[in-house]
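A short write-up of the structure that comes next.
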Amino acid sequence: MDNVLGTTGLGTGIGSASRHILKTWVLGWYMCKVVPYVQGVSVAASVYSLIAVSIDR
Numbered sequence: 739m740d741n742v743l744g745t746t747g748l749g750t751g752i753g754s755a756s757r758h759i760l761k762t763w764v765l766g767w768y769m770c771k772v773v774p775y776v777q778g779v780s781v782a783a784s785v786y787s788l789i790a791v792s793i794d795r
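The following block contains the structure:
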């Protein structure tokens, strides 16, 4: 889980900065497709983890 969040944070930070500064995506076609997918998976995993913790309590 920690690796997914680290990867997502790294990918979105670089991607967001490059899009705002250069007005283009410089990380290539593959990362253009992977970054949004990893973001979605990361958010879903976080939400499901919080749901599991709240049900357990």
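Residue numbers for the sequence shown follow our numbering, so the first one is 739 and each next one is one higher. Note that beta-carbon positions come from the ideal geometry of N, C-alpha and C, so glycine has one too. These numbers come from a predicted model, not from an experiment.
- Note on geometry: alpha-carbon atoms of His758 and Ala783 lie some 28 Å from one another.
- For Leu788, the enclosing alpha helix (DSSP H) starts and ends at Gly766 to Asp794.
- In this structure, the CA atom of Ile793 is about 18 Å from the CA atom of Val781.
- By the 16-neighbour rule on beta-carbons within 10 angstroms, Val785 is exposed.
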